[in-house]
Amino acid sequence: MTSESHEILNEVVASNFIATLGTIVDDNPHLCTVYYVTDDNRTLYFKSRTASEHINALDNSEFVAMSIYLPDSDYASRKAGVQAQGKVERVKNPVEMANVLKMYASAFIGSEKKFESIPDMISDAVKSTMFKFVIDKVKLVDSDKGVHFQEYEQV
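Using our numbering, you'd call the opening residue of the sequence shown number 8 and step up by one each time.
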């Protein structure tokens, strides 16, 4: 990726907190909204129910798609966003979980009330926990910069 591509990716991911996650459930496309935090703009962390359709879809394939657009994007003026492909996995490491929960609680005030203890959050019995999406490939658009990638680029 070019430095300009990295700048666009960083701007879009860092300036937002909502993404659309796409999976395949029973051979059908499935979309859901996730609220995310990031520590490096390449790994996005989100909380989800372990029994949700999109998380259950990960049993068949850990590969997913995600889209994020700048909140001020519109059709008539600036269009800027990211379409990404990558893998989702549960956060199972207690140190990583502690860091993610701290970031999430800081980004979403009051969310810590919905957290279990760290040992519970990494247990298989928990009903809702943290997941991470690691970006592998992206398609970028930023009409202000004349960027309109038609093909996915490796990050």
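C-beta atoms are modelled at their ideal positions from N, C-alpha and C, and glycine is treated no differently.
*Taking S55 as the reference, give the member of S135, F140, Q161 with the closest Cα.*
Indexing the sequence shown from 1 puts residue 55 at position 48. The shortest C-alpha separation from S55 is found at S135.
*Anyone know if the C-beta pair for K146 and F138 falls short of 8 Å?*
Residue numbering aside, residue 146 sits at position 139 when the sequence shown is read from its first letter. Residue numbering aside, residue 138 sits at position 131 when the sequence shown is read from its first letter. Contact flag unset, no.
*Report all residues from its chain with a CB closer than 6 Å to the CB of A26; omit the five preceding and five following residues, and keep chain order.*
As a first step, residue 26 is located in the sequence shown; it is residue number 19 there, counting from the start. Contacts found: V41, Y43, M73, I75.
_Please report the distance separating the alpha-carbon of V89 from that of T50._
As a first step, residue 89 is located in the sequence shown; it is residue number 82 there, counting from the start. As a first step, residue 50 is located in the sequence shown; it is residue number 43 there, counting from the start. So the two alpha carbons sit approximately 14 Å from each other.
*Along the chain, where does the beta strand (DSSP E) that runs through K94 open and close?*
Translated into the one-based positions of the sequence shown, residue 94 becomes position 87. First-last of the beta strand (DSSP E) with K94: 87-97.
*State the Cα-Cα distance for the pair E18 and N67, rounded to the nearest angstrom.*
The count along the sequence shown starts at 1 and reaches residue 18 at position 11. The count along the sequence shown starts at 1 and reaches residue 67 at position 60. Cα to Cα, E18 sits roughly 32 Å from N67.
*asked:* Less than 8 Å between the beta carbons of I6 and A105, yes or no?
replied: The displayed coordinates of the chain run from 8 to 162. Any statement about residue 6 would go beyond what the structure contains.
*Name the two residues that bound the continuous beta strand (DSSP E) containing S74.*
Locating residue 74 in the sequence shown gives position 67, counting from the first residue. Looking at the DSSP string, the run of the beta strand (DSSP E) that includes S74 is 70-76.
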